[in-house]
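S.K.: Residue numbers for the sequence shown follow my numbering, beginning at 3 and rising by one. Backbone N, C-alpha and C define an ideal beta-carbon position, used for all residues, glycine too. Take this structure first; my questions come after.
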Amino acid sequence: MHSHEDIDAQAAQSATAAPIDAWIDGFEGGPEFFQELLWLASDIKSNLPRYVAARPLAGKVLASIFVNPSLRTRTSFESAMARLGGHMITLMPGNGVWGMEFEPGVIMNGDKAEHIKEAAGVLSSYADVIGMRAFSPMEDFAVDMADAPIKALAQHAKVPVISLESACYHPCQALADALTLHEVFDGAPQGKNFTLTWTTHPKMCGVAVPHSALLSAARLGMNVRLAHPKGYELHPDVMAQANHLADTTGGSLTLTNDMDEACKDTHVVYAKAWGSHLDYGNTAAGAERNAQFGHWTVDTPQMEAGVDPYFMHCLPVRRGVVVTDAVIDSPRSVIQQQAANRMWAQMALLVSLLGNPQSHG
Ligand code: CP
3 MHSHEDIDAQ AAQSATAAPI DAWIDGFEGG PEFFQELLWL ASDIKSNLPR
53 YVAARPLAGK VLASIFVNPS LRTRTSFESA MARLGGHMIT LMPGNGVWGM
103 EFEPGVIMNG DKAEHIKEAA GVLSSYADVI GMRAFSPMED FAVDMADAPI
153 KALAQHAKVP VISLESACYH PCQALADALT LHEVFDGAPQ GKNFTLTWTT
203 HPKMCGVAVP HSALLSAARL GMNVRLAHPK GYELHPDVMA QANHLADTTG
253 GSLTLTNDMD EACKDTHVVY AKAWGSHLDY GNTAAGAERN AQFGHWTVDT
303 PQMEAGVDPY FMHCLPVRRG VVVTDAVIDS PRSVIQQQAA NRMWAQMALL
353 VSLLGNPQSH G
């Protein structure tokens with residue numbers, strides 16, 4: 003355990019340096035930085051009035067680009083900036099803002115008037131940090147997994163860049179999930195069984211959340227069970243990274259095509275739908291494939307097979323499809339805690355990237 007003074011010292015240290023210039027896969031800055039973020043997030047959560055009074059983000063501006071919709075990410079970042087003395091500008095390309103092009107070398111004779119190259123430079127002259135949400139177009143798995151749009155922003159920006167969810171990763175969700183796992187297991191999630199299970203869904207969804215959830219649990223040293231039907235494999239590079247993390251943290255990673263098997267004796271059931279890599283470029287086929295596995299819904303029997311497990315989901319969630327009301331409304335559901343922790347986790351990230359040391363809490 004760390005004393006309050008230890009935590010403050012860690013927090014001050016992380017606030018005096020800008021150790022990363024991009025938060026894209028959540029591994030930037032290494033495991034120490036990630037651990038510092040968790041400590042700082044807990045400290046801010048426990049001592050909000052002190053941080054609000056200190057205004058560590060006074061005079062700082064976050065410019066955010068939301069190519070796709072959001073409730074939690076947008077609101078939690080706006081709240082984080084406002085409470086700590088900063089300001090957030092939200093831009094939605096194509097909705098009062100020029101449509102944005104990400105493709106390098108493209109002839110821009112379509113309906114998109116602004117290229118990320120110019121936008122990144124311009125926003126860097128107004129803001130201290132830039133965030134962007136740009137989901138997978140779901141057209142080509144390999145192309146999407148290269149995560150070119152967020153990397154182009156990071157390449158052309160002159161200020162730090164934060165992914166607000168890309169095709170491949172959702173690092174801010176993963177940070178909040180890690181904070182939640184620390185909280186529910188009293189600071190010791192390592193060694194606990196963590197089941198990440200695919201669920202059915204009427205549409206094809208991206209793999210950013212399952213990728214980041216898998217990596218986050220492996221980084222915490224948990225015994226990760228990944229369950230999905232055949233054809234829904236996650237990206238091999240992410241699987242290799244998760245295996246490597248499990249080796250280094252003392253955790254483990256096992257794969258099964260049986261949700262019930264994955265839920266036996268588990269301590270956490272994390273549900274998420276994602277599209278099959280076989281159906282990128284054909285979303286109708288993807289929806290049909292999902293429908294073949296319409297029984298992959300987290301329900302009471304899966305929860306009863308575990309060790310009084312916690313239920314997790316990043317939200318938004320399709321009730322009655324991904325999970326039954328009985329499970330999501332049960333006392334073991336920590337979905338609200340996960341969502342609330344988005345704000346605390348992102349406050350820690352913002353303070354670490356931008357904080358004024360002299361006004362740190
Ligand atoms: N979990 C999450 O990122 O929620 P939003 O899509 O509402 O931002």
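#1: Determine the extent of the alpha helix (DSSP H) in which N245 is found, giving its start and end residues.
#2: With contact counted as at least three CB pairs below 8 angstroms, one residue from each stretch, are the stretch 159-170 and the stretch 193-201 in contact?
#3: Output the boundary residues of the alpha helix (DSSP H) element that contains R344.
#4: Taking contact to mean at least 3 C-beta pairs separated by less than 8 angstroms, is the stretch 46-59 in contact with the stretch 285-299?
#5: Report the option in G189, V186, L177 and D260 whose CA atom is closest to the CA atom of F29.
#6: Among the candidates W346, T299 and S44, whose CA atom is the shortest distance from the CA of G364?
#7: For a test of your reading of the model: does the CB of E80 fall under 7 angstroms from any non-hydrogen atom of the ligand CP? Yes or no.
#8: Quick one: what's got a C-beta closer than 6 angstroms to T326's C-beta in the same chain, skipping five residues either side?
#9: Measure how close the beta-carbons of A264 and A219 come, nearest whole angstrom, since I'm counting them as under 8 angstroms.
#10: Just checking P204 against the ligand CP - is the residue's beta carbon closer than 7 angstroms to any of the ligand's heavy atoms?
#11: Compare the C-alpha of N450 against each of Q192, E235 and N225 and name the closest.
#12: Looking at the unbroken beta strand (DSSP E) that takes in T197, where does it start and where does it end?
#13: Does the ligand NAD have even one heavy atom less than 7 angstroms from the beta-carbon of T182?
#14: Does H279 come out as helix, strand or coil in the three-state DSSP assignment?
#15: By the three-class DSSP mapping on this structure, what secondary structure does L255 have?
#16: Touch check for the stretch 58-70 and the stretch 78-91: three-plus C-beta pairs under 8 angstroms?
#17: Starting from the C-beta of A122, find all residues in its chain whose C-beta is less than 6 angstroms away, skip the five residues before and the five after it, and write them out in chain order.
#18: Buried or exposed: M206, going by 16 or more other Cβ atoms within 10 Å of its Cβ?
#19: For the alpha helix (DSSP H) that G288 lies in, which residues bound it at each end?
#20: Answer yes or no: the CB of C265 versus the heavy atoms of the ligand CP, is any distance below 7 angstroms?
#21: Just to confirm my understanding: we take I91, look at its own chain, exclude 5 residues before and 5 after, and list those with CB closer than 6 angstroms. What are they?
#22: If you reduce the DSSP assignment to three classes, tell me which class V319 lands in.
#23: Which of the three DSSP states is assigned to I152 in this structure?
#24: CB-CB under 6 angstroms to P318, same chain, minus the five flanking residues each way: which ones, in chain order?
#25: For K119, which three-state DSSP category applies?
#26: Taking DSSP as the reference, what is the three-state secondary structure of R57?
#27: Taking C-beta to C-beta, are D310 and R334 nearer than 8 angstroms?
#28: When you compare only the Cα positions, how much space is there between A273 and Y312?
#29: Is the separation between the beta-carbon of D146 and that of A169 shorter than 8 angstroms?
#30: Taking the CB atoms as reference points, tell me whether H213 and H237 lie closer together than 8 angstroms.
#31: Would you mind listing the alpha helix (DSSP H) stretches within the stretch 62-113 that are 4+ residues and don't spill past its ends, in chain order?
#32: Hey, would you say K119 sits closer than 8 angstroms to M102, going by beta carbons?
#33: By DSSP's criteria, G133 is part of a beta bridge. Which residues make up the other side?
#34: Can you tell me the Cα-Cα spacing of T75 and Q348, whole angstroms?
#35: Under the three-state reduction of DSSP, which class applies to V186: helix, strand or coil?
#36: Rounded to the nearest angstrom, what separates G31 and S332 at their Cα positions?
M.R.: On the basis of the data shown:
#1: P238 to T251
#2: no
#3: I337 to L356
#4: no
#5: L177
#6: This structure gives no information on residue 364, because the portion of the chain shown stretches from 3 to 363.
#7: no
#8: D301
#9: A264 to A219, Cβ: 13 angstroms. No contact.
#10: no
#11: There is no way to answer for residue 450, as the model of the chain reaches only from 3 to 363.
#12: N195 to W200
#13: Here the bound small molecules are the ligand CP; the ligand NAD is not part of this structure.
#14: helix
#15: strand
#16: yes
#17: L155, H158 and A159
#18: buried
#19: T285 to Q294
#20: no
#21: A65
#22: coil
#23: helix
#24: none
#25: helix
#26: coil
#27: yes
#28: 11 angstroms
#29: yes
#30: yes
#31: 74-85
#32: no
#33: S66 and I164
#34: 9 angstroms
#35: helix
#36: 37 angstroms
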